[in-house]
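Chemist: Dumping the structure here so I can ask a few things about it.
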Amino acid sequence: MESGFILTDAQLVEVAVAFRRELSEGLARDGGAIRCLPTWCATGLPPAPEPALVLDVGGTNLRAAQMELAAGRWKPVGEVLESRLPVERGRPLARSRFLTAQVELLARVARGASG
Numbered sequence: 040m041e042s043g044f045i046l047t048d049a050q051l052v053e054v055a056v057a058f059r060r061e062l063s064e065g066l067a068r069d070g071g072a073i074r075c076l077p078t079w080c081a082t083g084l085p086p087a088p089e090p091a092l093v094l095d096v097g098g099t100n101l102r103a104a105q106m107e108l109a110a111g112r113w114k115p116v117g118e119v120l121e122s123r124l125p126v127e128r129g130r131p132l133a134r135s136r137f138l139t140a141q142v143e144l145l146a147r148v149a150r151g152a153s154g
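Using our numbering, you'd call the opening residue of the sequence shown number 40 and step up by one each time.
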């Protein structure tokens, strides 16, 4: 049975290409196999915007980074930090714990960004 789970490099590439295609379709329109919500930044930025702290809440995982605009694209400055939300199966997560986890991760990024 174990041999049924072994994939060649070509098969892994094929899976990755198909997954990327499904993600792109999920971002482009509703009703795809994978539902995606695009991330956005507000328009009307000044000509030389300051770096920004960003936070991604994806299920039970959090990611945060400092980003800067360079050549028309936002790019991370330094390390992208990750952590998990303090969830327990079958128990609701209190709003205060949800928000505290986000603030703590953003604070770690800000401390790293400032030295």
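We put the CB at the ideal spot given by N, CA and C, even for glycine.
Threshold first: 3 residues or longer. Then list the beta strand (DSSP E) segments lying entirely within the stretch 100 to 138, N to C.
Modeler: Listed in chain order, the complete beta strand (DSSP E) runs (minimum 3 residues) inside the stretch 100 to 138 are 100 to 109, 112 to 123.
Chemist: Quick check: residue 92 and residue 145, are their CB atoms within less than 8 Å of each other?
Modeler: Taking the first residue of the sequence shown as position 1, residue 92 is located at position 53. Taking the first residue of the sequence shown as position 1, residue 145 is located at position 106. Yes. Within cutoff.
Chemist: Within 10 Å of its beta-carbon, does residue 105 have 16 or more other beta-carbons around it, so buried, or fewer, so exposed?
Modeler: In the sequence shown, counting from the first residue as 1, residue 105 sits at position 66. Counting Cβ neighbours within 10 Å, residue 105 comes out buried, since at least 16 surround it.
Chemist: What does the Cβ neighbour count give for residue 51, buried or exposed, with the cut at 16 atoms within 10 Å?
Modeler: As a working note, residue 51 is residue 12 in the sequence shown. So residue 51 counts as exposed.
Chemist: Compare the C-alpha of residue 140 against each of 128, 71, 48, 102 and name the closest.
Modeler: Within the sequence shown, the letter at position 101 stands for residue 140. With distances taken between Cα atoms, residue 140 lies closest to 102.
Chemist: For residue 107, tell me which candidate among 134, 95, 61, 117 has the shortest Cα-Cα distance.
Modeler: Position 68 of the sequence shown, counting from 1, holds the residue named residue 107. Per the Cα distances, 117.
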